[in-house]
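Numbering (mature numbering (1 follows the signal peptide of the UniProt record, and there is no 0)), first residue to last: -25 to -1, 1 to 222.
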């Protein structure tokens, strides 16, 4: 597998060292941003677009850290397409407002090659962390409170549904991890976190592998690192954020 440039490689290396969920996803044709914005055909958007921020207790309990979700599997029932679009638009408007009215554009994606990919690779924070053998995997604790202790640059996306949060503060392990779903477009999510990261002094690199986009970088002043992982298969964006130097 070809390595990405320095900033993403540094963030991935730091996160892998801490046994965080950064295993690359299954390979496939690179999805277009237009595919990512199609949130009007999936009734699963009901959960992420209409509900306030919440946590699924079945995913946040430590005993279930090996659970694997079904991604954007449609939920029973539906919601009017106009309602889905309206709530997604409101979330994106809130994101723009949160950064002062203007988003920077994330860098164009560089494609990462895949030598071997496991299509059955786990997709939850707990499952990904549990399959690692690093310094922090046994120390991660789970609970909604960890979302509030993310570095200031990397909060949960406006109006998103928080599904899982974890963290640890102990010696070398000062890490925060969140997973959430949003109906906002791929571009909106990437631009939002790129803008926040740049304003907080981080650099940023955008790569894509299969159906997952990676936005990652480091901050020279203190060595802090982050990776935002966005899977845009289906009508919702499923987002993992891994960041060091949490609150």
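All C-beta atoms, glycine included, are put in the ideal place defined by N, C-alpha and C. Quick caveat, the model's predicted, so the values are computed rather than measured.
Nearest to residue i by alpha carbon, out of the options?
| i | options | result |
| --- | --- | --- |
| residue 125 | 136, 140 and 116 | 140 |
| residue 193 | 204, 176, 186 and 187 | 176 |
| residue 202 | 186, 182 and 210 | 182 |
| residue 70 | 153, 220, 122 and 165 | 165 |
| residue 221 | 151, 84, 161 and 145 | 151 |
| residue 72 | 171, 161 and 153 | 171 |
| residue 85 | 130, 184 and 61 | 184 |
| residue 199 | 87, 123 and 148 | 148 |
| residue 143 | 64, 197, 122 and 187 | 122 |
| residue 132 | 195, 186, 60 and 68 | 68 |
| residue 78 | 162, 129, 87 and 191 | 162 |
| residue 114 | 127, 145, 136 and 74 | 145 |
| residue 74 | 167, 214, 187 and 213 | 167 |
| residue 213 | 127, 87 and 136 | 136 |
For residue i, which of helix, strand or coil comes out of DSSP?
| i | result |
| --- | --- |
| residue 162 | helix |
| residue 41 | Caution applies to residue 41, whose pLDDT of 37 falls short of 50 and renders its modelled position unreliable; the model cannot decide the point. |
| residue 178 | coil |
| residue 168 | helix |
| residue 114 | coil |
| residue 72 | helix |
| residue 215 | strand |
| residue 140 | strand |
| residue 134 | coil |
| residue 102 | Note that residue 102 scores 47 on pLDDT, short of 50, meaning its location in the model is unreliable and no value can be drawn from it. |
| residue 184 | strand |
| residue 205 | strand |
| residue 222 | coil |
| residue 85 | strand |
| residue 194 | coil |
| residue 199 | coil |
If we count the other Cβ atoms within 10 Å of its Cβ and call it buried at 16 or more, is residue i buried or exposed?
| i | result |
| --- | --- |
| residue 76 | exposed |
| residue 120 | exposed |
| residue 116 | exposed |
| residue 138 | buried |
| residue 174 | exposed |
| residue 80 | exposed |
| residue 207 | buried |
| residue 83 | exposed |
| residue 61 | exposed |
| residue 14 | Confidence is the limiting factor: at residue 14 the pLDDT is only 38, short of 50, which leaves the residue's position unreliable and the question unanswerable from this model. |
| residue 63 | buried |
| residue 197 | exposed |
My assumption, with CB atoms under 8 Å, is that residue i sits in contact with residue j. Please give the rounded CB distance.
| i | j | result |
| --- | --- | --- |
| residue 189 | residue 179 | At roughly 10 Å, the Cβ-Cβ gap does not stay under 8 Å, so residue 189 and residue 179 are not in contact. |
| residue 218 | residue 66 | With 8 Å as the limit, residue 218 and residue 66 do not qualify as a contact, their Cβ atoms being about 21 Å apart. |
| residue 226 | residue 134 | Nothing can be reported for residue 226: it is not among the residues displayed for the chain, which extend from -25 to 222. |
| residue 129 | residue 216 | 5 Å |
Kindly examine the ligand ATP and report whether one of its heavy atoms sits closer than 7 Å to the Cβ of residue i.
| i | result |
| --- | --- |
| residue 214 | Looking at this structure, you won't find the ligand ATP or any other ligand, since it has none at all. |
Check the Cβ-Cβ distances between residue i and every residue of chain D, and say whether any is below 8 Å.
| i | result |
| --- | --- |
| residue 125 | Considering every chain present, this structure includes no chain D. It has just one protein chain. |
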